[in-house]
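In our numbering, the protein residues as written are 2 to 678.
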């Protein structure tokens, strides 16, 4: 057959993003544990409380506290508990490195206990067919060793005909296969509604998933011997009647139509085939089953397993976790609380940073399973936060000093006003006058009236708040004893919105203010005395024009931003108000994702082939549509508007070229559009 050269022109490429979340997990057989409110909270210590609600099995659960401050918790960190994040979808979890779940005597394993809480423990009653533990490791983690006739099984598991993903991390030793039926995992043995993974070669482990006996047209994972630790993923999309398989995250069997229902109450075996006589020599590290067919979940579990067992370099290069493991926001600092009976328990924490949010959860584990509580929070006592406000009722001889307590720091403080004609800053003894308000105070407005001022004199005042954590001072404010009043009624001249992707320092909003004093000169600025606004992302001219100090993207940035505007007159009398700026989406053009985002690609196709290529693009605002948009030979092509599949309108013939120069080099341009671009 002869090649036909096809050129395609297009547009450029964009990227895609993803997230994860943490869920509370509790299975029927797993311990049930909950988190309570923290007590005895001080600036540097707290007592955290929890309860073991129930458990099954003869052994008391061990409880572990995981906690972290907000800075660590807010960082995306590798998640060592990825399987537990999938709640009731976790059907089976066998982990050889969890030695408490490997029941053994002198290194001989009689039972491998299921960590999912579903009680699907695998065992071996024949002592001559039991694997070993403690003799081999992978990536520093314990694995089970099988010598060629060892296997573990459960006589019946109640899996239903529903979506499932199976993950198996294993290694077959060199020379470890002596029969093509040697298997590593079997569900139900041979026949319809059952499946297993076998060597599929008499002396090499090449790997193949046999489904419904061998009725489904599956393929080998490899056409030569597979060595080293491998991760096999088996997918049953029962809602879509499809079967797929992957090795180290790379697709093998891709959405094969599979209409036969899977049987329930079948035997489950590890390290043997459909016939228990066929067992290879090798090691088993971990087995997980989830009741889902989600690709994102599959990839997350694959990433977790690959990095855990040190085989991440074997992941397919396009795998989202090829370079780093799955991460989450979660507390990781841990304290063992030992075994706990049903009831309440507590743990004292000390050395905590003051004024800091902390996150915690409890892990309970025994022979019947493992479960987390939900995540609880508490905040240590910290300094209060307060600001001064320009005085009210200002006259040549008196004024009402004002302040706003923005935060108590988790404990109501005592409050003292200081004032005089010299600025003593936070040196309490150097102020001319002071007054401590009675009692302690919560968040809100505070005031104190003063008299005996001298007309025309400039005064300074501040406020101090004291709680058990620290002393906090408000910024010093100045005023002149006269009848001048501060500006009022700050207003925005247009809606409080900002378009995304504005160039930095764009003028996008203007503020004005009125002043009750005739002829007053008003200047504007941003005031962030309490650090709770996003003023740093903006700038403001003295005439009230607001500008962006950075570029904002609607798809990846926050949707709203809080700013605090100050309007001051020539006597330093001022008014402050907060405004929320809403970020608006602006339609953006699609970006090409196929063929490495190249604008022009040369492709070789055999004569007689109808399908030429698949163009794909992404659009953050909508779904792109595809159309023929140019090229000397555009009349000879058609493109599917939704899928981007480019085809010849009629089958090409090398001996009878139809392209514009009769040289068998066809040129076509495809456009991806969202309707506007």
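We put the CB at the ideal spot given by N, CA and C, even for glycine.
Rounded to whole angstroms, what is the Cα-Cα separation between residue i and residue j?
i	j	result
residue 464	residue 490	25 Å
residue 284	residue 337	31 Å
residue 149	residue 257	32 Å
residue 403	residue 573	15 Å
residue 204	residue 225	10 Å
residue 534	residue 620	32 Å
residue 441	residue 564	29 Å
residue 624	residue 503	24 Å
residue 227	residue 106	32 Å
residue 425	residue 87	59 Å
residue 104	residue 124	9 Å
residue 665	residue 637	12 Å
residue 152	residue 558	53 Å
residue 617	residue 522	59 Å
residue 101	residue 194	34 Å
residue 505	residue 488	30 Å
residue 658	residue 651	12 Å
residue 277	residue 378	51 Å
Restricting to Cα atoms, I'd like to know which of the options is closest to residue i.
i	options	result
residue 51	140, 375, 562	375
residue 614	132, 602, 224, 620	602
residue 339	370, 66, 295, 619	66
residue 507	549, 292, 429	549
residue 634	620, 670, 607	670
residue 163	292, 63, 266	292
residue 319	185, 331, 304	304
residue 270	299, 333, 673, 196	196
residue 273	132, 466, 562, 400	132
residue 331	362, 307, 117, 353	362
residue 460	518, 282, 401, 446	401
residue 217	554, 407, 234, 243	243
residue 174	137, 120, 423	137
residue 64	172, 545, 342	342
In the structure shown, what three-state DSSP assignment does residue i receive?
i	result
residue 628	strand
residue 673	strand
residue 83	helix
residue 515	strand
residue 582	strand
residue 1	No answer is possible for residue 1: the residues shown for the chain start at 2 and end at 678.
residue 549	strand
residue 524	strand
residue 100	helix
residue 155	strand
residue 451	strand
residue 23	Low per-residue confidence applies at residue 23: pLDDT is 28, beneath 50, and the placement is therefore not dependable, though the value from the model is reported in the following sentence. In the structure shown, residue 23 sits in coil (DSSP, three-state: anything other than H, G, I, E or B).
residue 639	strand
residue 535	coil
residue 299	helix
residue 403	strand
residue 658	coil
residue 308	helix
residue 465	strand
Going along the chain, which residues of its own chain have a beta-carbon closer than 6 Å to the beta-carbon of residue i, five neighbours each way excluded?
i	result
residue 456	397, 482
residue 1	Given that the chain is displayed from residue 2 to residue 678, the structure contains no residue 1 and the question cannot be resolved.
residue 97	143, 144, 145, 286
residue 312	230
residue 181	200, 201, 202, 203
Given residue i, which residues of its chain have a CB within under 8 Å of its CB, disregarding the five upstream and five downstream residues?
i	result
residue 328	21, 77, 78, 79, 80
residue 484	395, 396, 397
residue 622	586, 588, 589, 675
residue 85	26, 91, 371, 372, 373
So, is residue i buried or exposed, given that buried needs 16 or more other C-beta atoms within 10 angstroms?
i	result
residue 324	exposed
residue 569	buried
residue 647	buried
residue 184	buried
residue 444	exposed
residue 259	buried
residue 662	exposed
residue 654	exposed
residue 536	buried
residue 335	exposed
residue 170	buried
residue 680	There is no way to answer for residue 680, as the model of the chain reaches only from 2 to 678.
Spatial neighbours of residue i within its chain, please: CB distance less than 7 Å, with the 5 preceding and 5 following residues excluded, ordered by chain position.
i	result
residue 347	48, 49, 50
residue 595	615, 616, 617
Using beta carbons (cut-off 8 Å, strictly below), is residue i in contact with chain D?
i	result
residue 518	Any reference to chain D falls outside this structure, which holds one protein chain only.
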